[in-house]
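Peer 1: Before I ask anything, let me first share the structure, which is written out below as structure tokens.
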Amino acid sequence: MSNQKSDWRERIMRTAFDKFSYLIGLFLRQQLSAQEFSGTFINQFLDEKEPLPEPLFLLLDELFGDADSFTTDQGLLAENPGFYLDEKGLEAKTRDILRRMQMWHTRSQDAVEAMRQFEKIEGVEEQQILDWIAEGRT
């Protein structure tokens, strides 16, 4: 049974975007504590084998810094509040990163679809395709 569950997850989470979005979602839905999320995210980021597109890497790298800055130590939080994050701070940073990841992913998918459409259309100039994208006609 657990093998079927594992196979299902592997089919769903084919890309780094999917894997990290899933992990972030668990935290934002409070299915992982901040402590669990921080440790799991850091390990997953460091262990990632898939080449990451630069925009995604930069977003995940930013979140890596945020996860690394998370602490429950009130002394550290009071000593350097500009560096250390509490649970609410980590949640806010994570929510912002997820929003930006989704924006990037949507733009990437739109660009891929536009190129697919472009390949199907003969006699259409590139600028016209770019205009269609800007107008939302693709």
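When we follow UniProt numbering, the leftmost residue of the sequence shown carries the number 1, and every step to the right adds one.
Cβ atoms here follow ideal geometry from the backbone N, Cα and C, with glycine treated the same way.
Model, not experiment: these values are computed from the prediction.
1. Using C-beta distances below 7 Å, list every residue in its chain close to phenylalanine 45, excluding the 5 sequence neighbours before and after it, in chain order.
2. Using a Cβ-Cβ cutoff of less than 7 Å, which residues in the same chain neighbour isoleucine 42 once the five nearest sequence positions on both sides are dropped?
3. If you run the structure through DSSP and keep just helix, strand and coil, what is leucine 85?
4. Between the Cα of lysine 52 and those of Gln117, Glu113 and Trp104, spot the shortest distance and give me the residue it belongs to.
5. Taking the alpha helix (DSSP H) that residue 142 falls in, what are its first and last residues?
6. Mark alanine 16 as exposed unless 16 or more other C-beta atoms lie within 10 angstroms of its C-beta, in which case mark it buried.
Peer 2: In this structure, then:
1. Excluding the 5 residues flanking it on each side, phenylalanine 45 has same chain C-beta neighbours closer than 7 Å at Leu60 and Phe64, in chain order.
2. If we look at isoleucine 42 and ignore the five residues flanking it on each side, its Cβ neighbours are Phe64, Ala67 and Asp68.
3. Three-state result, leucine 85: strand.
4. According to the sequence shown, residue 52 is leucine rather than lysine. By alpha-carbon distance to leucine 52, the top candidate from Gln117, Glu113 and Trp104 is Trp104.
5. Absent from the model: residue 142. The displayed extent of the chain is 1 to 138, so no value can be given.
6. Looking at its Cβ environment, which holds 16 or more other Cβ atoms inside 10 Å, alanine 16 is buried.
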